[in-house]
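S.K.: So in my numbering, spot 619 of the sequence shown is number 634, and the numbers just go up one at a time.
Cβ atoms here follow ideal geometry from the backbone N, Cα and C, with glycine treated the same way.
These numbers come from a predicted model, not from an experiment.
Here it is, the structure, as structure tokens.
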Amino acid sequence: MGAPFFSWPWQNLGSYKYILFGPFLGEFMYSRMYGKRQSEYDWCLHILILSSLRGIVHQIWNSCDNMFFINRNHRISQNGIDFDQIDNEWHWDNFIILQAFVASIPFLIHPSIANFPIWETTGIVLCLLFHIGISEPLYYWLHRLLHSSYFFQQYHWLHHSSKVNHPFTGGNATFLEHLLLCVIIGVPIVATTLIGYGSIIMFYGYILAFDFLRCMGHSNVEVVPHHIFETLPTLKYLIYTPTYHFIHHTDMKTNFCLFMPLFDVLGNTMNEASWDLHKENSSSGKKAKAPEFVFLAHGIDIMSSMHAPFVFRSLSSLPFATKLILMPIWPFAFLVTLIMWAKSKTFLHTFCNLRGKLLQCWVVPRFGFMYFLPFAKDGINKQIEEAILKADKIGVKVLSLAALNKNEALNGGGKLFVTKFPDLKVRVVHGNTLTAAVILKEIPLDVKEVFLTGATSKLGRAIALYLARRGVRVLMLTQSTERFTSIQKEAPLQDQSLLVQVTKYQAAKHCKTWILGKWTLPREQSWAPPGTHFHQFVVPPVIEFRRDCTYSKLAAMKLPDDVQGLGTCEYTMERGVVHACHAGGIVHFLEGWSHHEVGAIDVDRLDLVWEAALRHGFKPV
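Printed below as a string of structure tokens:
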């Protein structure tokens, strides 16, 4: 059993906790419908509006904190936030619910206090003075108390369990700590109101400013320029910075203040390195570490564009799925997509670390449907080319192309770039050797016949040739006899008869192993006999139409267990799982191979790459 008041009363509700706002909404609607006094339903309305605005403030700070393409040079900790921390901070907004109920108590006791004017200058000044004179010193001493042996071990350890500061970290604390925070934030508001100077602007402004500064202090990005303190030296004692509070999380005997370092000076607990480190983190000359591996991805569709940590961190930490709650935002996302198409360049999306090596994911600002527009081809290749040249310039060892970025019709599986720039130091990799290997290892050794669509594609060719070597008969669906014959001639003479051209799905009506390399409609899947297993390497995955059949997911591998700072799922993949081509690029980097992996897949290397992946700790899914 935990310490008293450690857990939240509504802990078991999970994400259903938001129904606790129901009484406020119900009271507002009831009062409005039955003609009660304006103040009675306005108070509930203000609580609902303010709670929403507080969530928006935190969400904006989350977005700013996770826009690595903007803030990478001013990040305080270079580590990433992993899934464990995201789960630990999942209910960071519990305090908003708590404070909504606490805010309703004064009104229930004395309803007349709800008759606030819109603006009261004296009240705003008094509120600020109460904050400086009461809330700041009270928080300082309570915070020091929470760092005493008993209270830290029983309560405050939870807040400090977050490895990397984030705006949501401020809300990640126990029920008892947030009850104390209610006192801290409530004193200036209640005191100002009791002496008759409360106002709507004071109520909203103080609480939102409080949240803004809490988010800023827990941000992992230094947003306060140091030259402000050089111009106004006394200001550094009146307002803290993200670096200042970061130091508290690394040296827990210093920097206890709420927002004003003055109280650390008075209490002799200011860390002497605070301002030197702040100057370093805010310096315009600071440069982030260059990655050694880059996975060059692209957008899929409008809905999945919101599956990003700078949009909704919690959703991006789960496999992508269409959420109805996101539908109202779709028009805005579509507008952003068009702006990105017109103006944006390739940007840093996510990163993680593996054995001391920095791995990054960059995103070409193009979406799936754009790759099939004839007039968009040159623009997409230009974006990819610029990304490759940038990676080459900053010292990236391997750049791996994702999905449509290596489309054969677009750039020959990356061959266009290595031919155009023969002196590239960065190795360009399509990763499809491992993709083919993963698919092939899924096929049981006792299978004697398979049906293959997308048969003359880069992956289809490699799969067909490898299976023929295994003595498997491959029904290759293609209308092009010329392309089929070209592949068939690559097989050893004794295996060529195992490669069979077919032109209709009906030819596979007795085959129970299908490998799908092109989009297959339900009507076409209907030709498969009951009990068929569908393997696939088509993006997006086919609709699982047949209930009497089974379907594999896209070829993927689980990252090694020692990956660090990973907190985002790759599209529909489970946590810690990446597409096989992504894994193939990382294996290429870890092995230190010096060749480009572009163009056709080398069938002779399939087993070699598979064994290398297992040796480095990758696991089949």
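If we count the other Cβ atoms within 10 Å of its Cβ and call it buried at 16 or more, is K268 buried or exposed?
M.R.: By the 10 Å Cβ count, K268 comes out exposed.
S.K.: If I measure Cβ to Cβ from L363 and keep anything under 7 Å in the same chain, skipping five residues before and after, which residues do I get?
M.R.: Cβ within range, chain order: F83, F84, R87, Q375, W377.
S.K.: In whole angstroms, what separates the C-alpha of T284 from that of C230?
M.R.: So the alpha carbons of these two residues sit roughly 22 Å apart.
S.K.: Just mark M275 as buried or exposed, buried being the case when its beta carbon has 16 or more other beta carbons within 10 Å.
M.R.: It counts as buried.
S.K.: Could you give the DSSP three-state label for M318: helix, strand or coil?
M.R.: Helix at M318.
S.K.: On the DSSP letters alone, give me the boundaries of the alpha helix (DSSP H) that E245 sits inside.
M.R.: Taken as a continuous stretch (DSSP letters only), the alpha helix (DSSP H) holding E245 covers 242-246.
S.K.: Specify, as a first and last residue, the run of the alpha helix (DSSP H) that H175 falls within.
M.R.: Here the alpha helix (DSSP H) through H175 covers 172-175.
S.K.: Mind checking which residues open and close the beta strand (DSSP E) that includes A303?
M.R.: A303 -> no beta strand (DSSP E), and no H or E assigned at all.
S.K.: Where do the N-terminal and C-terminal ends of the beta strand (DSSP E) with Q93 fall, by residue?
M.R.: Note, Q93: premise wrong, no beta strand (DSSP E); not H, not E.
S.K.: Are at least three pairs of beta-carbons, each pair with one atom in the segment 201-208 and one in the segment 135-144, less than 8 Å apart?
M.R.: Taking 8 Å as the limit for Cβ pairs, the verdict is that the segment 135-144 does touch the segment 201-208.
S.K.: Would L341 pass as an interface residue toward chain B - the criterion being a Cβ-Cβ separation below 8 Å?
M.R.: Of the protein chains in the structure, only one exists, and it is not chain B.
S.K.: Helix, strand or coil for C59 per DSSP?
M.R.: If DSSP states are grouped into helix, strand and coil, C59 belongs with the helices.
S.K.: From V444 to G600, what does the alpha carbon distance come to, in whole angstroms?
M.R.: Going by the C-alpha atoms only, they are around 6 Å apart.
S.K.: Which full runs of the alpha helix (DSSP H) of 4+ residues lie inside the segment 447-505, going along the chain?
M.R.: Listed in chain order, the complete alpha helix (DSSP H) runs (minimum 4 residues) inside the segment 447-505 are 447-457, 473-484, 496-505.
S.K.: Can you find the residues in the same chain that come closer than 6 Å, C-beta to C-beta, to M318, ignoring five residues on each side of it along the sequence?
M.R.: Only T337 meet the Cβ criterion.
S.K.: Can you list, in chain order, the residues of its chain whose CB lies under 6 Å from that of N77, leaving out five sequence neighbours each side?
M.R.: Within the same chain, N77 has close Cβ partners P182, R328.
S.K.: From E509 to T471, what distance separates their C-alpha atoms?
M.R.: Correcting the residue type first, residue 509 is Gln in the shown sequence and not Glu. If you take the alpha carbons of Q509 and T471, they lie about 20 Å apart.
S.K.: Quick one: is G211 buried, meaning 16 or more other Cβ sit within 10 Å of its Cβ, or exposed?
M.R.: Classification for G211: exposed.
S.K.: What first and last residue would you give for the alpha helix (DSSP H) that runs through W625?
M.R.: Run containing W625: 621-630, per the alpha helix (DSSP H) assignment.
S.K.: Can you tell me whether Y566 is helix, strand or coil according to DSSP?
M.R.: Here Y566 sits in strand by DSSP.
S.K.: DSSP state of L513, grouped into three classes?
M.R.: DSSP places L513 in helix when its eight states are reduced to three.
S.K.: Give me, in chain order, the residues of the same chain whose beta-carbon lies closer than 7 Å to that of E11; leave out the 5 immediate sequence neighbours on both sides.
M.R.: No statement about residue 11 is possible, as the shown extent of the chain runs from 16 to 636 and does not include it.
S.K.: Is K251 helix, strand or coil by DSSP?
M.R.: In this structure, K251 counts as helix in the three-state DSSP scheme.
S.K.: If distances are taken between C-alpha atoms only, which option among L574, T583, W534, L581 comes closest to F560?
M.R.: Closest option to F560, Cα to Cα, is W534.
S.K.: Can you give the Cα-Cα distance for R562 and I530, rounded to whole angstroms?
M.R.: Cα to Cα, R562 sits roughly 17 Å from I530.
S.K.: Which one or two residues does DSSP pair with I530 in a beta bridge?
M.R.: BP columns for I530 point to L467, H550.
S.K.: What beta strand (DSSP E) runs, 3 residues minimum, are completely inside the segment 381-452?
M.R.: Runs found: 413-416, 442-444.
S.K.: Does the beta-carbon distance from E400 to K360 come in below 8 Å?
M.R.: No.
S.K.: What ranges does the alpha helix (DSSP H) occupy inside the segment 139-171, keeping only unbroken runs of at least 4 residues that lie completely in it?
M.R.: Whole alpha helix (DSSP H) segments, 4+ residues: 151-161.
S.K.: If you compare alpha carbons, which of E457, E505, Y221 is closest to H146?
M.R.: Of the candidates E457, E505, Y221, the one whose C-alpha sits nearest the C-alpha of H146 is Y221.
S.K.: My output table needs one value for V578: the three-state DSSP class, helix, strand or coil.
M.R.: Correct three-state label for V578: strand.
S.K.: Between the alpha carbons of G486 and T565, how many angstroms are there, rounded?
M.R.: Rounded to whole angstroms, G486 to T565 spans 24 Å at the Cα level.
S.K.: On the premise that G213 lies in contact with G314, defined as a C-beta separation below 8 Å, what is that separation, rounded to the nearest angstrom?
M.R.: The pair is not a contact, with the Cβ atoms about 48 Å apart (cut-off 8 Å).
S.K.: Between which two residues does the beta strand (DSSP E) carrying H364 extend?
M.R.: Note, H364: beta strand (DSSP E), 362-369.
S.K.: Provide the residue(s) that pair with K634 in DSSP beta bridges, ordered along the chain.
M.R.: Answer by DSSP bridge pairing, in chain order: K573.
S.K.: Under the rule that 16 or more other beta-carbon atoms within 10 Å means buried, what is H263, buried or exposed?
M.R.: Per the 10 Å Cβ criterion, buried.
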